[in-house]
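J.:
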Amino acid sequence: MASSAGGGGQRVVIVGAGMAGVQTAVALREQGWTGEILLLGAEPHQPYDRPPLSKAVLLGKAEGSAFDVDFAALGIELRLGVPVTGLDTGGRTVDTGSGPIPYDVLVIATGAEPIALPGSEDVPGVHLLRTLDDAERLRPVLAGQGEVVVVGAGWIGAEFATAAREAGCAVTVVEAADRPLVGALPAEVAAHMTGWYADYGATLVTGARVTALDRNGLRLGDGTRLRAGAVVVGIGARPATGWLAGSGVELAEDRSVAADEGLRASAPDVYAVGDCASFPSARYGTRLLVHHWDNALQGPRTVAANVVGSRTAHFPGQVYDPVPYFWSEQFGRFVQYAGHHPGADELVWRGDPDGTAWSVCWLRDGGLVALLAVGRPRDLAQGRKLIERGARLDRTRATDPSVPLKSAVL
Numbered sequence: 044m045a046s047s048a049g050g051g052g053q054r055v056v057i058v059g060a061g062m063a064g065v066q067t068a069v070a071l072r073e074q075g076w077t078g079e080i081l082l083l084g085a086e087p088h089q090p091y092d093r094p095p096l097s098k099a100v101l102l103g104k105a106e107g108s109a110f111d112v113d114f115a116a117l118g119i120e121l122r123l124g125v126p127v128t129g130l131d132t133g134g135r136t137v138d139t140g141s142g143p144i145p146y147d148v149l150v151i152a153t154g155a156e157p158i159a160l161p162g163s164e165d166v167p168g169v170h171l172l173r174t175l176d177d178a179e180r181l182r183p184v185l186a187g188q189g190e191v192v193v194v195g196a197g198w199i200g201a202e203f204a205t206a207a208r209e210a211g212c213a214v215t216v217v218e219a220a221d222r223p224l225v226g227a228l229p230a231e232v233a234a235h236m237t238g239w240y241a242d243y244g245a246t247l248v249t250g251a252r253v254t255a256l257d258r259n260g261l262r263l264g265d266g267t268r269l270r271a272g273a274v275v276v277g278i279g280a281r282p283a284t285g286w287l288a289g290s291g292v293e294l295a296e297d298r299s300v301a302a303d304e305g306l307r308a309s310a311p312d313v314y315a316v317g318d319c320a321s322f323p324s325a326r327y328g329t330r331l332l333v334h335h336w337d338n339a340l341q342g343p344r345t346v347a348a349n350v351v352g353s354r355t356a357h358f359p360g361q362v363y364d365p366v367p368y369f370w371s372e373q374f375g376r377f378v379q380y381a382g383h384h385p386g387a388d389e390l391v392w393r394g395d396p397d398g399t400a401w402s403v404c405w406l407r408d409g410g411l412v413a414l415l416a417v418g419r420p421r422d423l424a425q426g427r428k429l430i431e432r433g434a435r436l437d438r439t440r441a442t443d444p445s446v447p448l449k450s451a452v453l
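For what it's worth, my numbering labels the leading residue of the sequence shown as 44, then goes sequentially.
#1: Isoleucine 199 by DSSP, collapsed to three states: which one?
#2: Report the rounded CA-to-CA distance for serine 118 versus valine 274, giving the unit in angstroms.
#3: Could you give the DSSP three-state label for tyrosine 25: helix, strand or coil?
#4: Does any CB atom of chain C fall closer than 8 angstroms to the CB of valine 333?
#5: How is the beta strand (DSSP E) around alanine 255 delimited, first residue to last?
#6: Whole angstroms are fine: how far does the CA of threonine 237 sit from the CA of valine 192?
#7: Give me the residue from Asp242, Val125, Ala60, Val127 with the minimum Cα distance to valine 112.
#8: In the structure shown, what three-state DSSP assignment does isoleucine 430 receive?
#9: Return the first residue and the last residue of the beta strand (DSSP E) that tryptophan 405 is part of.
#10: Please name the residue, chosen from Val169, Ala283, Arg326, Asn349, that lies closest to glycine 317 on a Cα-to-Cα basis.
#11: Here's the rule I'm using: 16 or more other beta-carbon atoms within 10 Å means buried, otherwise exposed. How should leucine 453 be labelled?
#12: I'd like the list of long-range same chain contacts for phenylalanine 369, defined as Cβ closer than 7 angstroms, with 5 residues on each side in sequence excluded.
#13: Just the C-alpha distance for valine 217 and arginine 344, rounded to the nearest angstrom, thanks.
#14: Can you tell me the Cβ-Cβ gap for glutamate 120 and leucine 82, rounded? I've got them flagged as a contact below 8 angstroms.
#15: Quick check: what's the CA-CA separation for leucine 448 versus valine 417?
#16: How long is the line joining the alpha carbons of tryptophan 286 and arginine 435, rounded to whole angstroms?
#17: Does DSSP put tyrosine 380 in a helix, in a strand, or in coil?
#18: Is it the case that the Cβ atoms of leucine 149 and aspartate 312 are separated by a distance below 8 angstroms?
#19: Enumerate in chain order the residues of its own chain whose CB-to-CB distance from glycine 25 is below 8 angstroms, with the five nearest sequence positions on each side excluded.
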């Protein structure tokens, strides 16, 4: 197929109009792509940012969170309300309800979809929180200041519970595990976050499985009945890759697109970015699937560089291996995390974990590989840079919260 350095005469089709898709389109123009760019969004809304959905939109403090991007001025064609149903990599087309769409380069940016609680799909009053429409349906629930039950004490469950309490709702959070954030943080760390619920006026019930749901609430495995005007399910999300079945695009065990170090998928001229894509990390020696906003912001720059660069001779390719980062505002606290702690062999505390401001450092062979900061943004900012450098820490100095983290480097 004919090619030119800037992609003139060629079309990039981006499937998914969330953060990863939009930023890929913008980055392509910034890096010199002169060909067509077609951005397909399954939802009818103008592309929007998701983090405000769990607070500002829910509480009526914002009508939405549309990206401030002039797509027309950038020569980016938007087609909204167009779910993609399949992919033919041999014929280089994506399938939609209105017919196949040809591509020269394809970027998969379909994100993740929330996991529904089995048996809850058609029950009135049961909600998920992933889209703008989800948030709009939940807004009057919070405004009614009634009883709300949240299933799942992960990041999204905690953020929703926080918003519901701020709205004046009575909130009960039900978690099947014995503690919150069971898949995200080790028990010794999460234990110090359990009390945040009660401090904020929410009830946390752990070790509790939902066995039945109806329009009036739910029943737990021990027979306990919880009444609720609404049930919000936040038990995780999985890559939205079902439409790739039969396409030949390789998926990892977690159903993410198994991208390489340059975010290239297994099919020619196909890339994947954001919540739907995993990538090999030389930094951590494992494949990472990162379901966080910063990954959807950073990854597109690598994709754009590799798409444009692939049209030039002797382009070595750009490698994507970031220090993962995310934040969460919950129960009056600002929580930040950088790195990847599985595989660490030592944990170092900074400050009193039962206080309002503390951090945890994870080390591997003395080098900082991850950091959790609660109300200590300076620790996070410095720690993120130290992780990027592979810095080794003096444990004694690192334990002293009065010593700047950067001053604890060996």
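Note that beta-carbon positions come from the ideal geometry of N, C-alpha and C, so glycine has one too.
T.: Taking the definition as stated:
#1: Translated into the one-based positions of the sequence shown, residue 199 becomes position 156. It is helical.
#2: Mapped onto the sequence shown, residue 118 falls at position 75. Mapped onto the sequence shown, residue 274 falls at position 231. Note on residue identity: the sequence assigns glycine, not serine, to residue 118. Distance between the alpha carbons of glycine 118 and valine 274 is about 43 angstroms.
#3: Only positions 44 to 453 of the chain appear in this structure, which leaves residue 25 out of reach.
#4: Absent from the structure is chain C; it holds one protein chain and no more.
#5: As a first step, residue 255 is located in the sequence shown; it is residue number 212 there, counting from the start. Unbroken beta strand (DSSP E) run through alanine 255: 253-257.
#6: Along the sequence shown, read from residue 1 onward, the residue named residue 192 stands at position 149. Along the sequence shown, read from residue 1 onward, the residue named residue 237 stands at position 194. Distance between the alpha carbons of valine 192 and threonine 237 is about 17 angstroms.
#7: As a first step, residue 112 must be located in the sequence shown, where it is residue number 69. Nearest of Asp242, Val125, Ala60, Val127 to valine 112, Cα basis: Ala60.
#8: Position 387 of the sequence shown, counted from the first residue, corresponds to residue 430. Isoleucine 430 falls in the helix class under three-state DSSP.
#9: Here residue 405 refers to the residue found at position 362 of the sequence shown. Its beta strand (DSSP E) spans residues 401-407.
#10: Residue numbering aside, residue 317 sits at position 274 when the sequence shown is read from its first letter. The shortest Cα separation from glycine 317 among Val169, Ala283, Arg326, Asn349 belongs to Ala283.
#11: The sequence position of residue 453 within the sequence shown is 410, counting from 1. Answer is exposed; the Cβ neighbour count stays below 16.
#12: As a working mapping, residue 369 is identified with position 326 in the sequence shown. Listed in chain order, the non-local C-beta contacts of phenylalanine 369 below 7 angstroms within the same chain comprise His335, Trp336, Asp337, Tyr380, local neighbours out to five positions each way being set aside.
#13: Within the sequence shown, numbered from 1, the residue matching residue 217 stands at position 174. Within the sequence shown, numbered from 1, the residue matching residue 344 stands at position 301. Valine 217 and arginine 344: Cα-Cα distance of roughly 39 angstroms.
#14: As a first step, residue 120 must be located in the sequence shown, where it is residue number 77. As a first step, residue 82 must be located in the sequence shown, where it is residue number 39. About 7 angstroms; that satisfies the 8 angstroms criterion.
#15: Residue mapping note: residue 448 aligns to position 405 of the sequence shown, counting from 1. Residue mapping note: residue 417 aligns to position 374 of the sequence shown, counting from 1. Their backbone Cα atoms lie some 14 angstroms apart in a straight line.
#16: For the purposes of this step, residue 286 is taken as residue 243 along the sequence shown, with counting starting at 1. For the purposes of this step, residue 435 is taken as residue 392 along the sequence shown, with counting starting at 1. Looking at the two C-alpha atoms, the distance is approximately 44 angstroms.
#17: Residue 380 sits at position 337 when you count from the first residue of the sequence shown. Three-state result, tyrosine 380: strand.
#18: In the sequence shown, the residue the question calls residue 149 occupies position 106. In the sequence shown, the residue the question calls residue 312 occupies position 269. Cβ distance < 8 angstroms, so leucine 149 and aspartate 312 count as in contact.
#19: Nothing about residue 25 can be read from this structure; the chain reaches only from 44 to 453.
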